[in-house]
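Number of protein chains: 2
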Amino acid sequence: MDKEIAAKLGALRQSIDNVDAALVHMLAERFQFTQQVGRLKAQAGLPASDKQREADQIARLRRLAEEANLDPAFAEEFLNFIVAEVIRHHEKLADDNGK
Amino acid sequence: MDKEIAAKLGALRQSIDNVDAALVHMLAERFQFTQQVGRLKAQAGLPASDKQREADQIARLRRLAEEANLDPAFAEEFLNFIVAEVIRHHEKLADDNGK
Numbered sequence: 006m007d008k009e010i011a012a013k014l015g016a017l018r019q020s021i022d023n024v025d026a027a028l029v030h031m032l033a034e035r036f037q038f039t040q041q042v043g044r045l046k047a048q049a050g051l052p053a054s055d056k057q058r059e060a061d062q063i064a065r066l067r068r069l070a071e072e073a074n075l076d077p078a079f080a081e082e083f084l085n086f087i088v089a090e091v092i093r094h095h096e097k098l099a100d101d102n103g104k
Numbered sequence: 006m007d008k009e010i011a012a013k014l015g016a017l018r019q020s021i022d023n024v025d026a027a028l029v030h031m032l033a034e035r036f037q038f039t040q041q042v043g044r045l046k047a048q049a050g051l052p053a054s055d056k057q058r059e060a061d062q063i064a065r066l067r068r069l070a071e072e073a074n075l076d077p078a079f080a081e082e083f084l085n086f087i088v089a090e091v092i093r094h095h096e097k098l099a100d101d102n103g104k
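Residue numbers (my numbering), protein chains in the order written: chain A, 6 to 104; chain B, 6 to 104.
This is the structure:
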């Protein structure tokens, strides 16, 4: 591979790795918050799911995605992907409490 | 809903919304970089896929996830989810160039 190309590719990959580290840490922080929400709702006897809140989140994320030149459909899929993991955590918590 | 509970829930949701805005913007930035990688590889005649690079990324992300108390399997799924979108972008680019 040409030296100049290799240097450019290496710099871009370093940037991607930096972004990925940030993403992993932001996700870890997000799950800290959703676990607190889960515990709070369980204590207060509130339902785990809130359709209005979810609709607001999707609408907001799609708007933010458009502003950032990101495909809004991808942003929505991304939120769904994370929420599926949140639900898995909540189910695990409920299972652990039931033992 | 109890006022104290509502205030706590509102604060947690604000934090989640802040994290989500950060995630969307980091993702937008990541796709900027991967699009540059795609163009660079196309110009240099390099293959789009690099199995060693992908294996390194997965290993690194799993390690970072463990340090952040995030499920490494989720971190790997997350990377696969993003990479699928990157491939979609590259295919779209190739289609557009073929027109």
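Think of the CB as a built atom: it goes at the ideal place given N, C-alpha and C, for glycine as much as any other residue.
Only a predicted model underlies this, so the values are computations on that prediction, with no experimental measurement involved.
- Judged by DSSP secondary structure, A/M31 falls within the alpha helix (DSSP H) whose first and last residues are K8 to A49.
- For A/D61 and A/R68, the gap between their C-alpha atoms comes out near 11 angstroms.
- Contact residues of the region 11-36 of chain B toward chain A are K13, L14, L17, R18, S20, I21, D22, V24, D25, A26, A27, L28, V29, H30, M31, L32, A33, E34, R35 and F36 (C-beta to C-beta distance below 8 angstroms).
- With respect to chain B, the C-beta atom of A/V88 has no partner C-beta closer than 8 angstroms.
- Counting along the chain, A/L75 sits inside no alpha helix (DSSP H), nor does DSSP assign it H or E at all.
- With a contact defined as Cβ atoms closer than 8 angstroms, A/V24 and B/F38 qualify at about 7 angstroms.
- A Cβ-Cβ distance of about 13 angstroms is found for the pair A/V29 and B/L32, leaving them out of contact under the 8 angstroms criterion.
- With a cutoff of 8 angstroms on beta-carbon distance, A/H95 and A/G43 are scored as near each other.
- Going by beta carbons, A/L75 and B/F86 fall outside the 8 angstroms limit.
- Rounded to whole angstroms, the Cβ separation of B/K13 and A/L45 is 6 angstroms, and the two are in contact under 8 angstroms.
- Under the three-state reduction of DSSP output, A/D101 falls in the helix class.
- Any Cβ of chain A closer than 8 angstroms to the Cβ of B/N74 would place that residue at the interface, and such an atom is present.
- Per DSSP, reduced to three states, the secondary structure at A/A53 is coil, with no helix or strand assignment.
- A straight line joining the alpha-carbon of A/A80 with that of A/E72 spans about 12 angstroms.
- In summary, the residues of the region 38-50 of chain B whose CB is separated from some CB of chain A by less than 7 angstroms are F38, T39, Q41, V42, L45 and A49, in the order they occur in the chain.
- Under the Cβ criterion of 8 angstroms, A/A70 is counted among the residues facing chain B.
- From the beta-carbon of A/A80, the residues of chain B found nearer than 7 angstroms are V29.
- Between A/A49 and B/I10, the C-beta spacing is below 8 angstroms.
- When Cβ-Cβ separations below 8 angstroms define contact, A/L98 makes no contact with chain B.
- Close partners of B/D7 in chain A (Cβ separation under 9 angstroms): A49.
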